[in-house]
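Residue numbers (this note's numbering): 13 to 166.
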Ligand code: GLN
């Protein structure tokens with residue numbers, strides 16, 4: 013495996029499966045070793061080093077690392093608070109139409125993390141080396157520029 017895409021979904025359910033299939037430590041090791049990854053929404057949560065509001069202890073979302081950041085789950089509110097917004101995205105011409113579905117935001121970034129986009133003043137796209145994460149779902153719009161940015165960095 014050369015690189016990993018962690019899609020959206022539900023980070024506590026994904027964490028439960030990662031634990032049951034004994035993938036937590038292998039993935040943590042590969043990410044720590046520099047394997048590039050792209051995570052959207054729940055995938056962004058998993059790529060964090062620290063998760064705020066991670067869920068009920070024992071069934072919580074588990075961080076894999078990859079990007080030195082704290083991500084807050086469900087930060088924009090409940091499912092009904094999902095929204096779409098055009099955001100400026102560093103490195104891409106024009107704005108990106110971003111679909112936020114019960115999305116997280118980034119609350120803290122380490123010194124080696126670049127913030128590429130913001131919504132409501134919070135970072136919603138970040139990159140550390142060749143690992144990229146967005147709080148929104150670029151696959152929902154047919155705009156492939158974010159995925160292309162990841163693939164072209166490999
Ligand atoms: N709220 C979800 C979670 O906590 C993420 C939602 C999404 O991936 N669209 O994992």
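Built from N, CA and C at the ideal position, the CB exists for glycine as well.
Legend entry - Straight-line Cα distance separating residue 105 from residue 170: With the chain covering only 13 through 166, there is no way to say anything about residue 170.
Inset, instruction - To the nearest angstrom, report how far apart residue 15 and residue 47 are at their CA atoms. - result: 6 angstroms
Inset, instruction - Return helix, strand or coil for residue 55, following the three-state DSSP convention. - result: helix
Inset, instruction - Indicate whether the contact test is met: 3 or more Cβ pairs, each with one atom in the region 45–59 and one in the region 94–103, closer than 8 angstroms. - result: no
Legend entry - Residue of 152, 154, 158 and 151 minimising C-alpha distance to residue 138: 158
Inset, instruction - Please state whether DSSP places residue 47 in a helix, a strand or coil. - result: coil
Legend entry - Short Cβ contact (8 angstroms threshold) for residue 24 with residue 70: no
Inset, instruction - Tell me whether residue 4 counts as near ligand 1, meaning its Cβ is closer than 7 angstroms to at least one heavy atom of that ligand. - result: For the chain, the structure presents residues 13 to 166; residue 4 sits outside this window and is missing.
Legend entry - Range of the contiguous alpha helix (DSSP H) that encloses residue 159: 157–164
Inset, instruction - Determine the extent of the alpha helix (DSSP H) in which residue 25 is found, giving its start and end residues. - result: 23–32
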